[in-house]
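K.L.:
So that we are looking at the same thing, I have put the structure below in structure tokens.
Numbering (this note's numbering), first residue to last: 2 to 271.
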């Protein structure tokens, strides 16, 4: 098992602390984090990123990209994401295929069909390049992949599409993350470790009108320990990516999350 964190969090920690990104990465390395997860847009200046990775000793766990396959974009526009994965040595990519514009069931069905057709182009190209395409449970009621059932359906249509399991997004759709894991476990190749607090400052409102806030992994209401135990029992050997967008103190959240994940993973068999 390796720990990763979003490059976004490194940038935010640098802004909050006044440290350079390299200094933040060195601290993250001391916390036990060895990989970074990138938005494809962060990789436009390849030379700078390659230099940062080489100097810090980090590798790339996954790269993600946002698209609008329901209405506008062609799947070939996502090939850059796959090419970046090859360049940066990432085995996985994550595709956010778009969001429904229609409120009507028939309109959404048509949009989803187009998304699947365009994603198929990306999945085929990824297969040719030896890259694993994934989707995650996205916390938005306009997402076609917000629930475990929606994700499973899409992976059944696109045979080589796998799952990035985000522990903290099923709560948005009022779904148990433990139940979701049991539905999706055969397809999971990557994990986003996101916890949720029920108090705080910046919040998101769930479909059942609860306010959820960012949290240090292991400190919130998500069944993180249960999920880790299931992952380990099922032989998961991939990356655990720390995620806490909108954290009040990115560096502190990162440190505490890494400590909890390392300790809990080690003790899962006890």
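Don't be surprised by glycine CBs; every beta carbon is placed ideally from N, CA and C. No experiment lies behind these values; they were computed from the predicted model shown.
If I measure Cβ to Cβ from residue 226 and keep anything under 7 Å in the same chain, skipping five residues before and after, which residues do I get?
P.N.:
Residue numbering aside, residue 226 sits at position 225 when the chain shown is read from its first letter. Hits under 7 Å: 265.
K.L.:
Taking a contact to mean a Cβ-Cβ separation below 7 Å, would you say residue 29 touches residue 240 in this structure?
P.N.:
The sequence position of residue 29 within the chain shown is 28, counting from 1. The sequence position of residue 240 within the chain shown is 239, counting from 1. The answer is no: Cβ separation not under 7 Å.
K.L.:
What residue range is occupied by the uninterrupted alpha helix (DSSP H) comprising residue 95?
P.N.:
What you label residue 95 is simply residue 94 of the chain shown in a count that begins at 1. Unbroken run through residue 95 is the beta strand (DSSP E), 93-97; no alpha helix (DSSP H).
K.L.:
Is the stretch 22-42 touching the stretch 60-71 in the sense that three or more CB pairs, one from each, lie closer than 8 Å?
P.N.:
These segments touch.
K.L.:
Can you tell which of 101, 98 and 82 has the C-alpha that lies nearest to the C-alpha of residue 293?
P.N.:
Any answer about residue 293 is impossible in this case: the structure gives the chain only from 2 up to 271.
K.L.:
Taking DSSP as the reference, what is the three-state secondary structure of residue 185?
P.N.:
Translated into positions along the chain shown, residue 185 becomes position 184. Of the three classes helix, strand and coil, the one that applies to residue 185 here is helix, per DSSP.
K.L.:
Please name the residue, chosen from 100, 108 and 55, that lies closest to residue 89 on a Cα-to-Cα basis.
P.N.:
Position 88 of the chain shown, counted from the start, is the residue given in the question as residue 89. Comparing Cα positions, the closest option is 55.
K.L.:
On the DSSP bridge list, what partners appear for residue 216?
P.N.:
Taking the first residue of the chain shown as 1, we reach residue 216 at position 215. According to DSSP, residue 216 bridges with 196.
K.L.:
What residue ranges within the stretch 126-185 form continuous alpha helix (DSSP H) runs of no fewer than 4 residues, ordered along the chain?
P.N.:
Qualifying alpha helix (DSSP H) stretches, in chain order: 149-158 and 178-185.
K.L.:
Buried or exposed: where does residue 23 fall if 16 or more other Cβ atoms within 10 Å of its Cβ makes it buried?
P.N.:
The residue you call residue 23 lines up with position 22 of the chain shown. Flag for residue 23 reads exposed.
K.L.:
Nearest to residue 11 by alpha carbon, out of 245, 260 and 102?
P.N.:
As a working note, residue 11 is residue 10 in the chain shown. Here the closest residue by C-alpha is 245.
K.L.:
For residue 108, does the count of other Cβ atoms within 10 angstroms reach 16, so buried, or fall short, so exposed?
P.N.:
Within the chain shown, residue 108 is the residue found at index 107, counting from 1. It counts as exposed.
K.L.:
Taking just the CA atoms, how far does residue 158 sit from residue 203?
P.N.:
The count along the chain shown starts at 1 and reaches residue 203 at position 202. The count along the chain shown starts at 1 and reaches residue 158 at position 157. Cα to Cα, residue 203 sits roughly 37 Å from residue 158.
K.L.:
Checking the sheet assignment: what are the DSSP bridge partners for residue 5?
P.N.:
Residue 5 sits at position 4 when you count from the first residue of the chain shown. Its beta-bridge partners are 36 and 242.
K.L.:
Have a look at the DSSP bridge pairing and note the partners of residue 65.
P.N.:
In the chain shown, the residue the question calls residue 65 occupies position 64. 40 and 95.
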